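Working notes, structure below.
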Amino acid sequence: MTYAPATPLRLVASGPLSGRVRVPGDKSISHRSLMLSAVAVGTSRVEGLLEGEDVLATAQAMRAMGASIVRDDDGLWTIDGVGVGGLLQPETALDMGNSGTSTRLLMGLVASHAVTATFTGDASLSKRPMGRVIDPLSKMGAEFTPSPGGRLPLMVRGIVPAVPIEYRLPVASAQVKSAVLLAGLNAPGITRVIEPVPTRDHSERMLRGFGAELMVEEIGGERVISITGEAELKPQHIVVPGDPSSAAFPVVAALIVPGSEIVVENVGLNPTRGGLYQVLLAMGGDIVFENERIVGGEPVADLRVRASSLDGIEPDPAIVPSMVDEFPILFVACALAHGRSVLRGLEELRVKESDRITVMADGLRAIGARVEEIEDGLIIDGTGGEKLTGGTAVATHLDHRIAMSFAVASLASREPVAVDDRAPIATSFPIFVPMMESLGVESRDAVTA
Ligand code: S3P
3 MTYAPATPLR LVASGPLSGR VRVPGDKSIS HRSLMLSAVA VGTSRVEGLL EGEDVLATAQ
63 AMRAMGASIV RDDDGLWTID GVGVGGLLQP ETALDMGNSG TSTRLLMGLV ASHAVTATFT
123 GDASLSKRPM GRVIDPLSKM GAEFTPSPGG RLPLMVRGIV PAVPIEYRLP VASAQVKSAV
183 LLAGLNAPGI TRVIEPVPTR DHSERMLRGF GAELMVEEIG GERVISITGE AELKPQHIVV
243 PGDPSSAAFP VVAALIVPGS EIVVENVGLN PTRGGLYQVL LAMGGDIVFE NERIVGGEPV
303 ADLRVRASSL DGIEPDPAIV PSMVDEFPIL FVACALAHGR SVLRGLEELR VKESDRITVM
363 ADGLRAIGAR VEEIEDGLII DGTGGEKLTG GTAVATHLDH RIAMSFAVAS LASREPVAVD
423 DRAPIATSFP IFVPMMESLG VESRDAVTA
């Protein structure tokens with residue numbers, strides 16, 4: 003590993019944003035497409051895969067466990083799977099970089115294979131709690147040697163046969179749900195996950211698409227997901243829709259820069275992911291859904307966005323799982339809205355790539371926003387459309403969404419905001435800066451490497 007000095011990022015809008023852009027593939031769906039293709043029998047193809055560092059970490063791990071994964075010059079990915087039960091012992095530790103999704107889902111896959119694997123990650127990932135997946139996977143018989151606090155580096159000793167379990171999620175987490183379902187793929191019998199609060203359902207949709215026997219029932223207001231193990235997955239051709247979590251950044255940028263009108267194409271709008279767009283509409287955002295269609299089994303639209311006068315909001319905490327990654331950029335929109343926003347029920351944000359409540363509160367205050375931090379969220383008194391002060395540096399703490407949120411906040415600040423390190427953006431949205439430039443934004447820092 004090389005330790006290059008951090009490259010800052012300062013974006014400036016000298017006029018309205020305009021143009022059409024297309025967001026890269028959905029990160030959650032990209033991870034799952036590689037993992038399931040790698041345990042299918044035969045050759046799968048994936049179009050529109052997000053080629054961000056997190057997804058490349060998943061690809062590398064699946065290769066280390068026996069799958070062949072190749073990208074052709076047109077960006078089509080071809081995966082030759084080893085079959086459920088066929089994962090091989092990796093020869094070295096699996097480096098998960100910054101990616102919590104790779105780590106937690108792969109811990110699930112490994113748990114029911116005859117594989118012992120060590121997971122390592124960067125400083126951010128090494129602080130994140132893994133107990134939430136260790137608990138159910140231990141009940142299935144896998145053994146874990148984590149670092150203190152249930153963190154990475156961590157060793158998993160998988161077990162065959164694993165014990166199918168019934169598990170009620172204690173936190174609303176698609177990663178935990180998916181880890182248990184993936185472990186259930188190779189456990190004899192039925193593994194059941196009960197979700198008191200629905201979370202993103204990409205794993206369920208894709209497992210079904212690969213031919214797994216998977217049932218979803220609504221019982222007493224809870225979602226009950228049952229998967230039959232020792233499955234044989236049939237190879238698929240997957241088209242990955244654009245990532246709504248990435249689209250959020252150009253969308254909010256256009257809303258807050260006066261006079262802007264842009265179209266963001268190819269935005270996945272799975273109902274378990276689209277919460278931000280409902281909230282922005284309720285705030286008065288002018289967002290029109292054009293060309294609605296289905297891509298890869300998921301609803302997709304092109305979003306036409308015009309600059310808008312936004313009102314503060316108090317979203318129902320029930321909407322949180324459908325926009326859990328979008329709160330940092332929503333906080334920016336609230337900081338510029340008319341009136342007060344009260345954003346609660348966000349305790350999960352404290353265990354993302356950074357503590358997104360404290361980090362956003364500190365950064366927003368530093369650039370002139372009025373923000374009060376509470377235990378489970380933020381109370382924000384907006385400027386009513388006036389620009390923020392800006393003119394200072396903010397710390398990103400190895401968190402891509404913090405970096406992009408402040409890069410967008412800079413566009414509505416009197417002086418540019420210096421995001422201290424642009425490198426984390428490559429984990430989920432490698433073309434973020436050129437895409438923003440194509441909308442008329444100027445980047446004040448040359449990248450030399
Ligand atoms: C993800 C689930 C969410 C989300 C993460 C991706 C997934 O995490 O924050 O970026 O792909 O399953 P949690 O399950 O921890 O809420």
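If you want my numbering, it's the 1-based position in the sequence shown plus 2. Ideal placement from N, C-alpha and C gives every residue a C-beta, glycine not left out. Quick caveat: nothing in here was measured; it's all calculated off a predicted structure.
Going by beta carbon distance, what residues of the same chain come within less than 8 Å of residue i, once the five residues before and after it are set aside?
i           : result
residue 422 : 8, 10, 395, 396, 397, 398
residue 34  : 107, 180, 204, 205, 208
residue 331 : 250, 251, 254, 278, 403, 406, 407, 410
Closer than 6 Å by C-beta to residue i: which residues in its own chain qualify, once you throw out the five before and the five after it? Chain order, please.
i           : result
residue 226 : 196, 219
residue 4   : Since pLDDT at residue 4 reaches only 49, below the 50 mark, its modelled position is unreliable, and no value is offered.
residue 372 : 383
residue 27  : 50, 51, 52, 242
residue 429 : 54, 55, 56, 100, 402
residue 233 : 86, 187, 214
residue 370 : 390, 391
Pull up the DSSP beta-bridge partners for residue i, would you.
i           : result
residue 399 : Beta-bridge pairing links residue 399 to no other residue.
residue 239 : 47
residue 225 : 197, 220
residue 289 : 307
residue 297 : 300
residue 81  : 46, 71
residue 157 : 120, 147
residue 24  : 267
residue 152 : None, per the DSSP bridge assignment.
residue 33  : Residue 33 is not bridged to any residue.
residue 440 : DSSP lists no partner for residue 440.
residue 345 : 380
residue 169 : 195
residue 375 : 380
residue 14  : 444
residue 204 : Paired residue(s): none; residue 204 is not in a bridge.
residue 115 : For residue 115, which the question treats as bridged, DSSP gives no partner whatsoever.
residue 420 : 395
residue 415 : 390
Could you pull out every residue in the same chain whose Cβ sits closer than 7 Å to the Cβ of residue i, ignoring the five residues on either side in sequence?
i           : result
residue 359 : 348, 351, 352, 375, 379, 380
residue 439 : 445
residue 425 : 8, 9
residue 458 : Given a span of 3 to 451 for the chain in the structure shown, any question on residue 458 remains unanswerable.
residue 30  : 103, 202, 204
residue 293 : 303, 304
residue 210 : 216
residue 116 : 160, 162
residue 327 : 247, 403
residue 489 : Beyond the ends of the chain as shown, which are 3 and 451, falls residue 489; an answer cannot be given.
residue 334 : 254, 407, 410, 411
residue 212 : 38, 42, 235, 236, 238
Contact criterion: CB-CB distance below 8 Å. Does residue i meet it with respect to chain C?
i           : result
residue 351 : No chain C is present in this structure, which holds just one protein chain.
What separation, rounded to the nearest whole angstrom, lies between the Cα atoms of residue i and residue j?
i           : j           : result
residue 253 : residue 310 : 11 Å
residue 313 : residue 343 : 8 Å
residue 305 : residue 296 : 15 Å
residue 39  : residue 45  : 8 Å
residue 363 : residue 345 : 12 Å
residue 25  : residue 250 : 10 Å
residue 434 : residue 168 : 41 Å
residue 204 : residue 247 : 14 Å
residue 308 : residue 268 : 17 Å
residue 112 : residue 323 : 26 Å
residue 418 : residue 436 : 18 Å
residue 63  : residue 392 : 41 Å
residue 441 : residue 367 : 27 Å
residue 107 : residue 14  : 38 Å
residue 136 : residue 185 : 12 Å
residue 1   : residue 301 : This structure cannot speak to residue 1, because the chain is shown only from 3 to 451.
residue 59  : residue 97  : 7 Å
residue 155 : residue 120 : 7 Å
residue 238 : residue 37  : 12 Å
residue 172 : residue 223 : 15 Å
residue 66  : residue 83  : 12 Å
residue 43  : residue 235 : 6 Å
residue 76  : residue 221 : 45 Å
residue 158 : residue 230 : 23 Å
residue 321 : residue 273 : 10 Å
Should residue i be listed as close to the ligand ATP, given that the test is whether its C-beta is under 7 Å from any heavy atom?
i          : result
residue 33 : What this structure holds is the ligand S3P, not the ligand ATP.
Check whether the stretch 387-394 and the stretch 407-425 touch, using three or more Cβ-Cβ pairs below 8 Å as the test.
The stretch 387-394 is in contact with the stretch 407-425.
Please determine if the stretch 45-56 and the stretch 87-97 are in contact, where contact requires at least 3 C-beta pairs separated by less than 8 Å.
No contact exists between the stretch 45-56 and the stretch 87-97.
Between the stretch 178-191 and the stretch 128-142, do three or more beta carbon pairs fall short of 8 Å?
The stretch 178-191 vs the stretch 128-142: in contact.
With three or more beta-carbon pairs closer than 8 Å as the criterion, would you say the stretch 116-130 touches the stretch 166-185?
Counting Cβ pairs under 8 Å, fewer than three are found: no touch.
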